[in-house]
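Chains as they are written, first to last, in the numbering used here: chain A, 1 to 115; chain B, 1001 to 1121.
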Amino acid sequence: QSALTQPPSASGSPGQSVTISCTGTSSDVGAYNHVSWYQQHPGKAPKLMIFEVSKRPSGVPDRFSGSKSGNTASLTVSGLQAEDEADYYCGSYAGSNNAGSHNYVFGTGTKVTVL
Amino acid sequence: QVQLQQSGPGVVKPSQTLSLTCAISGDSVSSNSVAWNWIRLSPSRGLEWLGRTYYRSKWNNDYAVSVKSRITVNPDTSKNHFSLQLNSVTPDDTAVYFCARGLMATGFDFWGQGTLVTVSS
C-alpha cells in the first residue's frame, strides 16, 4: 500500500487561506469517506483535526475544513494564524484484503508555514 | 479524558526485538467501540500505521503489510494496556513510535506522548 501524495510545503500570510491536497487511489481515498487530517507540531503527537472527510472533532476551530473529490481529499485552513504553522498529514482507510485484514494509509505530509 | 502513557527502551540493537507498552486511563482496552493502534513517524517513511488490536466479542488484530511478518500487538486486560513487539529490527525501524486510540473510519483521536526508538549497536 503506497502512501497518499501531499505537497511537501504550503504557505500563507496571517489571515489568508491555504489548501492542502491529498491524492490517493480508487482503493483508498476514492473508495471511502474515511479520510482524516492530523496536525503535528514539532516534538508533539499528531492531533486529529478532521475525520470522515469533513467533520471536526469537538474543540477544533471551524477555520479548518475538509472536502473530497474523486481520489483527492483537501484540507483548507482559513484565517491563518501563527499557531497553524505545523506539519499536516492526511490518512485514509484502505480497505481489507482477502483474509479480512484491514489497512490504513497516511499521506506524505505537508509543512505549512505562516509567513 | 482518555490518556495514553507509553513506556519502553529508547535503544534496541539490530536483529533484536523492539517492545513498547501503552497504558490506558479513561477507557478500557476491552471496549467494543474503539481500537488500539501503533503508529510510527520517521524522516524516511513519514507517518506509518503499523497495527492494532480490538475487541468485538473476541480479540482481533490487523497489521500493515510492510511489517506483518515481524509484528505483534497484544492487549493486557489485567493492566488495561496494550503492547507492541517488532522483531528482527534494522536501522530502518528507527522512528518515533506512538500508540493511539481510534478507528480507521473516524481517525485516531487520542495519542500517547511518543517514544523515540533508535536501532543501533
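C-beta atoms are modelled at their ideal positions from N, C-alpha and C, and glycine is treated no differently.
Given the structure is predicted, the values throughout are model-derived calculations rather than measurements.
### Task
Reducing DSSP to helix, strand and coil, say where B/Ala-1105 ends up.
coil
### Query
Grouping DSSP H, G and I as helix and E and B as strand, with all else coil, what is A/Asp-84?
helix
### Cα-Cα separation between B/Ser-1088 and B/Gln-1016, rounded to whole angstroms
5 Å
### Query
Which parts of the region 6–70 of chain A are runs of the beta strand (DSSP E), unbroken and 3 residues or longer, counting only runs that do not cross its ends?
9–12, 18–23, 35–40, 47–50 and 64–69
### Task
Just confirm the distance between the C-beta atoms of B/Tyr-1054 and B/Val-1034, as a whole number of angstroms; I'd bet it's less than 8 Å.
7 Å
### Query
Using the beta-carbon of each residue, which ones in chain B are nearer than 7 Å to A/Arg-57?
For the record, residue 57 of chain A in the displayed sequence is Pro; it is not Arg. In chain order: Asp-1109.
### Task
Give me the Cα-Cα distance between A/Gly-59 and A/Ser-27, rounded to the nearest whole angstrom.
31 Å
### Task
Taking 8 Å as the cut-off, decide whether the C-beta atoms of A/Tyr-38 and A/Gly-79 are in contact.
no
### Cβ-based burial, B/Asp-1062 [other Cβ within 10 Å; buried from 16]
buried
### Message
Please classify B/Ala-1095 as buried or exposed, where buried requires at least 16 neighbouring CB atoms within 10 angstroms.
### Response
buried
### Query
When the cut-off is 8 Å and only beta carbons count, does B/Ala-1064 lie next to chain A?
yes
### Proximal residues of chain B, C-beta to C-beta of A/Thr-108 below 7 Å
Gly-1046
### Task
Could you tell me whether any Cβ in chain B is nearer than 8 Å to the Cβ of A/Ser-26?
no
### Cβ-Cβ separation, B/Cys-1022 to B/Phe-1082 (assumed contact under 8 Å), whole Å
5 Å
### Task
Using a Cβ-Cβ cut-off of 8 Å, state whether B/Gly-1008 counts as contacting chain A.
no
### Query
Per DSSP, what kind of secondary structure is B/Asp-1093 in: helix, strand or coil?
helix
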